[in-house]
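Visitor:
Residue numbers (the UniProt record's numbering), protein chains in the order written: chain A, 1 to 102; chain P, 1 to 504; chain W, 1 to 528.
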């Protein structure tokens with residue numbers, strides 16, 4: 001079925017996103033990786049939505065809309081926080097965030 | 001395609017959320033029109049709003065009777081409901097929020113931070129929690145979770161020019177967002193399996209019969225991982241100590257109590273409604289999480305020098321006890337005792353921990369420090385605060401006759417009730433941890449009672465502002481009452497029927 | 001059970017809390033007022049105790065009297081059930097007497113760093129916990145009271161104790177906490193197992209009655225494990241070898257008042273737990289554990305005695321003698337016979353009076369000489385004759401001289417262990433008669449050692465001439481306070497204990513008569 005292709009795409013995007021979150025040291029790039037994960041979720045949801053559409057159910061597309069909206073808010077806050085860090089430290093490298101340990 | 005039919009809204013059931021939403025707007029407006037030196041009024045209003053939102057909760061509890069669908073209509077019913085479970089937890093969140101407002105008043109005012117915005121964010125976060133208690137659908141669980149988290153990220157970074165606070169916010173934000181993204185991926189798979197985002201439908205689809213598909217396992221595990229970040233379960237706890245230490249102390253109190261409780265509520269809703277028959281997947285997973293959380297949290301707490309950081313690790317380890325009860329849900333019919341144990345634990349823990357933070361804030365006003373060594377000889381110049389702190393720490397350690405013992409008792413009972421190898425072993429791990437935990441609580445008591453006052457410390461009597469006195473009175477009385485007559489709280493616990501649970 | 005005057009025990013138990021409440025509002029500087037209120041409360045509590053003593057129906061001491069039961073935590077089936085029978089009556093009263101006497105003694109002896117208000121509040125809270133443990137007839141209630149004494153004692157040792165107080169108090173705390181965690185798990189397990197096999201599981205609750213009726217039916221192997229959990233909890237408190245190491249430290253470092261309360265009452269919470277909970281509820285497991293307890297008890301006797309001989313510090317010596325004496329108590333319990341358990345209960349009270357008194361004396365010696373090192377003290381009989389004689393009297397009582405209270409704790413315990421309960425000598429269950437006889441002989445040797453270390457202590461500290469370093473103090477040319485004889489507060493505090501030691505020694509039936517019916521009933525679970 002066609003849906004498998006979408007799910008594979010979603011899974012690949014998800015993996016790339018997780019990889020990016022773990023490996024990247026730059027806060028903005030980490031944010032972008034998280035966005036990738038969210039998009040993989042949206043692809044999944046829409047694919048499943050098509051799958052279940054015959055049963056008269058479109059929860060999936062509703063969910064995806066919510067995720068898009070919330071993700072926008074999240075990124076807004078995230079960028080603000082990154083700006084704050086940049087103002088105080090002149091860097092956005094995550095490895096430098098080490099005021100507290102233990 | 002089905003034609004759209006507008007759902008019927010039960011405004012009485014929705015009233016707590018409506019009051020909060022109106023309150024948020026009100027605080028924003030007041031903040032805009034009131035001159036800076038009178039901005040303290042925003043705090044007062046926020047407190048009143050939280051208490052005001054409590055009113056409909058009470059009327060719902062008295063008049064409400066059975067379960068109420070907040071939104072009813074074709075295909076909508078059962079996705080956002082008010083039942084006893086929701087009411088008890090809404091009350092808990094609103095009251096915790098109120099105590100946090102009391103804790104914040106002086107701290108935020110003296111710090112010269114943006115007061116109005118602070119309270120708006122606090123109220124928004126509480127609104128998210130209140131929503132979480134009613135959510136019975138993937139979408140609303142997700143929205144509630146984000147609603148409570150996003151303001152919390154900003155509050156953690158509230159001290160704009162303080163590098164530690166920035167760092168606290170960013171760490172909390174990145175891990176929180178990452179966790180919710182992973183959780184969402186799990187949720188998307190759940191939707192794929194069940195064809196609906198309604199939790200009870202998912203619960204019917206994920207059954208024990210037939211082979212467990214890989215996609216089910218991934219979905220359940222990812223969702224649990226997502227919430228594990230929120231409740232700072234080891235190994236997903238790494239943000240907690242840094243965030244707790246860096247954030248303003250009232251915010252730390254809020255995060256470690258209300259936000260954490262909301263995480264547990266979300267996790268409970270998922271386990272009880274969506275995965276009741278998937279215990280072959282979540283039980284081993286939660287079991288290991290619980291054991292790790294208790295043990296690692298305790299061991300690291302032992303070597304902390306900073307009281308807030310120590311409380312952070314202690315709260316990690318306390319979470320382990322809740323996870324213990326949750327892991328044992330749906331084993332040998334122990335789901336009811338687990339559910340009650342968790343609710344009771346959350347309530348008692350909230351009272352106790354908020355109280356401990358109230359003392360920390362009161363003492364820090366004098367010493368400007370949260371290092372444990374700065375508490376030396378506190379008994380000599382602040383006997384009242386010392387006695388209160390002793391009560392709270394003893395309660396956290398689970399020593400009768402203070403609330404904590406009953407919370408721990410319930411958790412142990414749930415584990416022993418479930419029995420079997422899983423239940424008994426985790427109970428013994430828990431018992432060992434309960435003992436280890438007393439060691440670091442006792443360190444603080446020793447510092448306050450037995451060590452000399454540090455050189456050069458000001459030892460005149462400590463003045464405690466009225467709002468903190470109020471917070472200490474509420475939490476202190478609650479901690480004591482829950483321990484001496486746990487009947488009151490146990491009764492509340494036994495009321496909590498989670499709609500749709502126990503029928504899977 | 002007799003359900004008359006149901007309020008009496010609650011009043012006796014919680015009255016001290018009223019005093020605490022009043023004291024919270026007394027300013028810290030007004031020490032006399034704080035002390036007065038505390039003492040008044042303790043005396044009033046004792047008054048309630050004496051009233052209880054008068055109203056107690058001695059003809060039916062096997063029954064629970066002043067019994068009352070109420071709902072407490074219904075969802076977990078814990079009840080507020082309290083009652084008093086012949087086993088708990090002596091200990092209940094003893095706890096009240098000791099609190100009053102300790103307060104009288106503290107009147108002008110508040111240890112460093114002062115703060116009489118807090119010190120007296122802690123004593124009142126301790127009193128609530130102690131009295132409550134002895135009247136509780138519900139496992140959860142028992143547990144709560146049992147734990148209630150933990151923190152006040154911790155602070156008493158940790159704040160008002162000697163130089164090494166922090167270490168000692170922490171050790172005390174962690175040992176006890178470890179024991180009680182296991183104990184709690186054992187309690188819960190016992191409840192659930194009992195409930196699962198009972199014929200009417202819906203009626204299950206935590207009251208002692210329920211366990212009396214149902215717990216003995218638990219399968220033997222399960223019961224042995226549950227007993228093990230309780231054993232650790234109680235044995236730490238007693239303390240039994242090998243869980244005793246906290247005791248010498250705690251006693252040495254604790255202020256006099258703390259030592260007295262610890263020795264006189266707190267240690268008894270453990271032995272009382274064995275008699276009240278572990279034996280009657282799990283008789284099938286008790287059979288298996290009894291020989292183990294007996295062996296550990298005798299090790300405790302010998303180890304304690306040898307430990308005493310090695311001590312150079314008077315207080316530490318008394319602490320080790322406690323280990324030995326509690327060994328006799330546990331030996332009596334381990335025989336599972338009425339005689340043995342009677343002896344154990346008597347030994348608990350006698351040890352409370354005698355060792356409490358010894359710690360009082362040690363405290364006063366320390367106050368006068370600023371040392372407890374045995375080799376620096378001598379000639380007390382010459383310098384402080386009354387104190388010296390009292391020390392001698394207590395030493396005699398402690399070594400078990402017939403005619404004084406100590407004798408009736410030790411001698412019957414030895415008799416009982418010579419012929420333990422038939423279930424222990426029943427060949428079908430394994431014959432332990434020989435073991436018990438050997439243990440009897442060894443512990444008899446322990447009494448000889450006891451005589452040895454106590455007389456040695458007395459000879460070195462009381463006889464001879466006052467040592468040079470202290471001889472001059474009588475004339476006070478060093479600016480030190482006089483080494484004076486027993487003062488009036490001490491006389492008031494000590495006389496009742498001294499009288500008690502003599503009276504119980506001469507007329508032991510006073511107590512045996514009260515306890516025996518209850519003990520007979522208790523041991524009936526072990527068959528004839």
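Every residue, glycine too, gets a C-beta built ideally from N, C-alpha and C.
Please identify the residue among 422(W), 15(W), 366(W) and 51(W) whose C-alpha is closest to the C-alpha of residue 253(W).
Guide: Answer by Cα proximity: 366(W).
Visitor: For residue 477(P), tell me which candidate among 397(P), 441(P), 354(P) and 421(P) has the shortest Cα-Cα distance.
Guide: If we check each option's Cα against that of residue 477(P), 354(P) comes out closest.
Visitor: In this structure, how does DSSP classify residue 480(W) when only helix, strand and coil are distinguished?
Guide: Unreliable positioning characterises residue 480(W) in this predicted model, as indicated by a pLDDT of 48, which lies under 50. The coordinate reading is nonetheless provided below. Coil, per DSSP.
Visitor: Are the C-beta of residue 166(P) and some C-beta of chain A separated by less than 8 Å?
Guide: Yes - at least one Cβ of chain A is within 8 Å of the one on residue 166(P).
Visitor: Classify residue 368(P): buried if its beta carbon has 16 or more other beta carbons within 10 angstroms, exposed otherwise.
Guide: That one is exposed.
Visitor: State yes or no: is the beta carbon of residue 270(P) nearer than 8 Å to at least one beta carbon in chain W?
Guide: No, residue 270(P) lies away from the interface with chain W (no Cβ there is under 8 Å from its Cβ).
Visitor: Cβ of residue 352(P) within 8 Å of Cβ of residue 319(P)?
Guide: In this structure, residue 319(P) does not lie closer than 8 Å to residue 352(P) by Cβ.
Visitor: Taking residue 59(W) and residue 38(W) to be in contact with their CB atoms under 8 Å, please state how far apart those CB atoms are, rounded to whole angstroms.
Guide: Incorrect: roughly 36 Å between the Cβ atoms, too far for contact.
Visitor: Does the structure place the region 147 to 167 of chain P close enough to the region 69 to 87 of chain P that three or more beta carbon pairs sit under 8 Å?
Guide: Flag = no, the region 69 to 87 of chain P and the region 147 to 167 of chain P do not touch.
Visitor: Mapping DSSP to helix, strand and coil, what is residue 165(W)?
Guide: Correct three-state label for residue 165(W): helix.
Visitor: So with Cβ pairs under 8 Å, would you call residue 55(A) a contact of chain P?
Guide: So yes, residue 55(A) belongs to the interface.
Visitor: Give me the Cβ distance between residue 120(W) and residue 33(W), rounded to the nearest whole Å; I'm assuming they're in contact under 8 Å.
Guide: The Cβ separation is near 11 Å, so there is no contact.
Visitor: What in chain P is Cβ-close to residue 34(A), meaning under 7 Å?
Guide: Ordered by position in chain P, the residues that pass the 7 Å Cβ test against residue 34(A) are 177, 178 and 181.
Visitor: Measuring CA to CA, which of 459(W), 112(W) and 52(W) is closest to residue 89(W)?
Guide: The candidate whose alpha carbon is nearest that of residue 89(W) is 52(W).
Visitor: Under a Cβ-count criterion, where at least 16 other Cβ atoms within 10 Å of its own Cβ denotes burial, should residue 284(W) be classed as buried or exposed?
Guide: Answer is buried; the Cβ neighbour count reaches 16.
Visitor: Is residue 181(W) closer than 8 Å to residue 230(W) when the C-beta atoms are compared?
Guide: Result no, Cβ atoms of residue 230(W) and residue 181(W) do not sit closer than 8 Å.
Visitor: Taking 7 Å as the limit between beta carbons, can you name the residues of its chain near residue 462(W), skipping five residues before and five after?
Guide: Closer than 7 Å at the Cβ level, and outside the excluded window around residue 462(W), lie 380, 381, 388, 391 and 392.
Visitor: Quick check: is any heavy atom of the ligand GDP less than 7 Å from the C-beta of residue 196(P)?
Guide: This structure lacks the ligand GDP, and indeed carries no ligand of any kind.
Visitor: What separation, rounded to the nearest whole angstrom, lies between the Cα atoms of residue 515(W) and residue 151(W)?
Guide: For residue 515(W) and residue 151(W), the distance between alpha carbons rounds to 31 Å.
Visitor: Residues of chain P with CB under 9 Å from residue 93(A), in chain order?
Guide: None at all; the shortest Cβ gap to chain P is about 11 Å.
Visitor: Take residue 38(A) and list the residues in its own chain whose beta-carbon comes closer than 7 Å to its own, dropping the five residues that flank it on each side.
Guide: The residues are 67 and 71.
Visitor: Give the straight-line distance between the Cα atoms of residue 478(W) and residue 163(W), rounded to the nearest whole angstrom.
Guide: In this predicted model, residue 478(W) has a pLDDT of only 47, less than 50, meaning its place in the structure is not dependable enough to derive any value.
Visitor: Is there a Cβ of chain P sitting closer than 8 Å to that of residue 181(W), yes or no?
Guide: Yes, its Cβ sits closer than 8 Å to a Cβ of chain P.
Visitor: Can you find a CB in chain W that lies within less than 8 Å of the CB of residue 463(P)?
Guide: By this cut-off, residue 463(P) is not an interface position.
Visitor: Given that a residue counts as buried once 16 or more other Cβ atoms are within 10 Å of its Cβ, and exposed if not, what is residue 15(A)?
Guide: With fewer than 16 other Cβ atoms within 10 Å, it is exposed.
Visitor: Who does residue 198(P) pair with in a DSSP beta bridge?
Guide: The partner list for residue 198(P) (beta bridge, DSSP) reads 137(P).
Visitor: What is the DSSP secondary structure of residue 137(W), reduced to helix, strand or coil?
Guide: Three-state DSSP puts residue 137(W) in coil, outside helix and strand.
Visitor: With distance defined between alpha-carbon atoms, name the residue in 50(A), 25(A), 44(A) and 40(A) nearest to residue 93(A).
Guide: Of 50(A), 25(A), 44(A) and 40(A), the residue nearest in Cα terms is 25(A).
Visitor: Using C-beta distances below 6 Å, list every residue in its chain close to residue 217(P), excluding the 5 sequence neighbours before and after it, in chain order.
Guide: Here the set comprises 281.
Visitor: What are the boundary residues of the alpha helix (DSSP H) that includes residue 105(P)?
Guide: First-last of the alpha helix (DSSP H) with residue 105(P): 84 to 111.
Visitor: Secondary structure at residue 312(W), three-state DSSP: helix, strand or coil?
Guide: Looking at residue 312(W) - three-state DSSP - the assignment turns out to be coil, as it is neither helix nor strand.
Visitor: Is it buried or exposed, residue 475(W), if we count other Cβ atoms within 10 angstroms and call 16 or more buried?
Guide: Note that residue 475(W) scores 48 on pLDDT, short of 50, meaning its location in the model is unreliable; the coordinates nonetheless yield the value given after this. The residue is exposed, with fewer than 16 neighbouring Cβ atoms inside 10 Å.
Visitor: If we ignore side chains and look at the alpha-carbon of each, how far apart do residue 158(W) and residue 266(P) end up?
Guide: In a straight line, the C-alpha of residue 158(W) is about 43 Å away from that of residue 266(P).
Visitor: Counting only runs of 4+ residues fully inside the region 96 to 137 of chain W, write out the alpha helix (DSSP H) ranges in chain order.
Guide: 116 to 135, all fully within the region 96 to 137 of chain W.
Visitor: Confirm, please, whether the CB-CB distance from residue 102(W) to residue 329(W) is below 8 Å.
Guide: No, they are not a contact pair.
Visitor: What number of angstroms, rounded off, separates the C-alpha of residue 178(W) from the C-alpha of residue 73(W)?
Guide: Whole-angstrom Cα-Cα distance: 25 Å.
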